[in-house]
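In the numbering used here, the protein residues as written are 853 to 1417. Glycine included, each C-beta is placed from N, C-alpha and C at the ideal position.
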């Protein structure tokens, strides 16, 4: 559904969801990019896809369908052929109240509703579904990739019937394609191909946790790795040195970039494929899990013309995703943005992206020096790893640039001593840093099988043993820890019986104020900085995590796993 410009403006501007200035800017950009205004509003993270969908549904008197809370019935789905679903933008999802629940991008299309009722011979119940929701639902039209994978593996086994060389080559190509598709289908961030003495194990990292998926005969190891090397433009005759490359494959809703790393190990070559899908690029700040107050602090810092925005956390905590979510907001035609990254994970149109290359002496420091001479307004440094890069980044922030960068630190407050230890003068740190975002990723409880439950015996033991945890619950309105309600996922087809589906961030956003600047200049400890920041309203990662536990988004176990109190 494409609402009129006036209707859309009334929906999002009048209630204060976005400003009129932002709306008018999006109208101009949508015309230049040949996209709808609604698409650009969501892409620029000015409003969430579900939030806009609910507003459009309410104003039209339709029921809104949040696909995250629906377990699609595969048998019902296939009642409507995929070609019809794509052409008419309608999917059959499940049975509800004696009828079939339909998801449509235009529930006012009475012609298709009437046609489906007659064709299916059952009552249909229409719901409004956003374009993104429709794309996700249509992605469920597929056979069992695992079954097909096993079938191809069986044909390639030495014990199988004789097949000619060309057929074997075609099957190998198909095998690798299936492996990539199966990883994408299961929302894996990484595919690991690990050689052992008598087998090759394929494992997926899903929501940050490794899962054993397939066992492949050792005899197929070489042909699979050779095919991957060809796709990633690597040397196929090199087996004793580490190699890095990139490849891309197509899926129903776009393309997936894959970063390939191959490393020789005792039993062969170990392959890790990092899947960087278009869906990951869609994440905006509102999707990451930032609370309302923290989101306001970050947006305020983004609005500054110069200074530093620091994102901190360990490897795999989602720092790059947060940086790209900020970039989506900043990426407009009236500014020049340049990045120096290792590696460049996502290609973004309208941004000058530089890949670190030690072989040509293109390091973070040398690249950053060159970027400053390219007249940028906004600079992104993939990571501050050494004093030289830190010094140039800080000086760039001092000379009128907005600098976004990441740094390894345990929490927001320890970021300041970390910069000081790199030799940056305290007054420079105090005058350049606008905000520090510390974060971790926790698994999100599956919305389709979530149930409420009182704390388990183990959770009660943890609560009793951690005085600091009691204080957090007290601040959340549970002084005696009685009548606490936690949530968990029972496990369903949608979440692979794990009880979790997707991940969400827990955050600690420290906005610099005069008191904090004074402490930084005095080289005060991180504990002192945390105390002053909390008095000014900062929510710690543990507090943010507990709030998400009480809201039914994650579990206490997950929060404690990443915060390690």
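Residues sharing a beta bridge with residue i, DSSP
i, result
"residue 1218", "Looking at the DSSP assignment, residue 1218 forms no beta bridge with any residue, so it has no partner."
"residue 1102", "1107"
"residue 916", "980"
"residue 1055", "1044 and 1064"
"residue 902", "Bridge partners of residue 902: none, in fact."
"residue 1209", "1214"
"residue 1330", "Beta-bridge pairing links residue 1330 to no other residue."
"residue 1116", "1121"
"residue 1257", "1162 and 1233"
"residue 1249", "Per DSSP, none; premise fails for residue 1249."
"residue 1191", "1205 and 1232"
"residue 993", "Bridge partners of residue 993: none, in fact."
"residue 1338", "1305"
"residue 1352", "1297"
"residue 1069", "1051"
"residue 1243", "Per DSSP, none; premise fails for residue 1243."
"residue 964", "Looking at the DSSP assignment, residue 964 forms no beta bridge with any residue, so it has no partner."
"residue 1358", "1292"
Residue burial classification, residue i (beta-carbon count within 10 angstroms, cutoff 16)
i, result
"residue 1170", "buried"
"residue 856", "exposed"
"residue 1081", "buried"
"residue 1012", "In this predicted model, residue 1012 has a pLDDT of only 49, less than 50, meaning its place in the structure is not dependable enough to derive any value."
"residue 1233", "buried"
"residue 1021", "exposed"
"residue 1279", "exposed"
"residue 966", "exposed"
"residue 1043", "buried"
"residue 1207", "exposed"
"residue 1174", "buried"
"residue 1403", "exposed"
"residue 1248", "buried"
"residue 1405", "buried"
"residue 962", "exposed"
"residue 1073", "buried"
"residue 886", "exposed"
"residue 1303", "exposed"
"residue 1270", "buried"
"residue 866", "exposed"
"residue 1423", "Any question about residue 1423 goes unanswered here, given that the chain covers just 853 to 1417."
Proximity test, residue i beta-carbon vs the ligand FAD heavy atom, cut-off 6 Å
i, result
"residue 1048", "For the ligand FAD, the structure offers nothing, since it holds no ligand at all."
CB-CB length for residue i against residue j, believed under 8 Å
i, j, result
"residue 1385", "residue 1265", "7 Å"
"residue 1400", "residue 1356", "7 Å"
"residue 1200", "residue 1239", "Not confirmed; about 29 Å, so no contact."
"residue 1164", "residue 1027", "Not a contact, Cβ separation roughly 41 Å."
"residue 898", "residue 874", "6 Å"
"residue 1353", "residue 1298", "4 Å"
"residue 1287", "residue 1161", "6 Å"
"residue 904", "residue 889", "Wrong, their Cβ atoms sit about 10 Å apart, outside the cutoff."
"residue 1256", "residue 1156", "With a Cβ gap of about 11 Å, residue 1256 and residue 1156 do not count as contacting."
"residue 1230", "residue 1182", "6 Å"
"residue 1351", "residue 1342", "6 Å"
"residue 1246", "residue 1284", "5 Å"
"residue 1141", "residue 1359", "7 Å"
"residue 1338", "residue 1394", "Actually they are not in contact, since the Cβ atoms of residue 1338 and residue 1394 sit about 16 Å apart, beyond 8 Å."
| Runs of beta strand (DSSP E) lying entirely within the region 1125-1178, each at least 3 residues, in chain order | 1159-1164
| query | Counting pairs of Cβ atoms below 8 Å between the region 1047-1067 and the region 975-988, do you hit three or more? | reply | no
| said: Please give me, in chain order, every unbroken run of the beta strand (DSSP E) with length at least 3 that falls completely inside the region 1273-1319. | reply: 1285-1297 and 1302-1305
| said: Under 8 Å, with one C-beta from each stretch per pair, do the region 954-962 and the region 970-987 reach the 3-pair mark? | reply: yes
| field | 3-residue-minimum beta strand (DSSP E) runs that sit fully inside the region 1360-1414, ordered along the chain | value | none
| said: Quick check on the DSSP output: what are the complete alpha helix (DSSP H) runs of length 4 or more inside the region 1072-1102, in order along the chain? | reply: 1073-1083
| Quick one: any contact between the region 1287-1304 and the region 1407-1416, if contact means 3 or more CB pairs under 8 Å? | yes
| Is there contact between the region 1103-1121 and the region 1028-1040, where contact requires at least three CB pairs shorter than 8 Å? | yes
| query | Which parts of the region 921-958 are runs of the alpha helix (DSSP H), unbroken and 4 residues or longer, counting only runs that do not cross its ends? | reply | Listed in chain order, the alpha helix (DSSP H) runs fully inside the region 921-958 are 926-929 and 934-940, counting runs of at least 4 residues.
| Do three or more CB pairs link the region 930-937 to the region 1296-1312 at distances below 8 Å? | Short answer: they don't touch.
| task | Inspect the CB distances between the region 1060-1072 and the region 1089-1105 and report whether three or more fall short of 8 Å. | result | No: fewer than three Cβ pairs fall under 8 Å.
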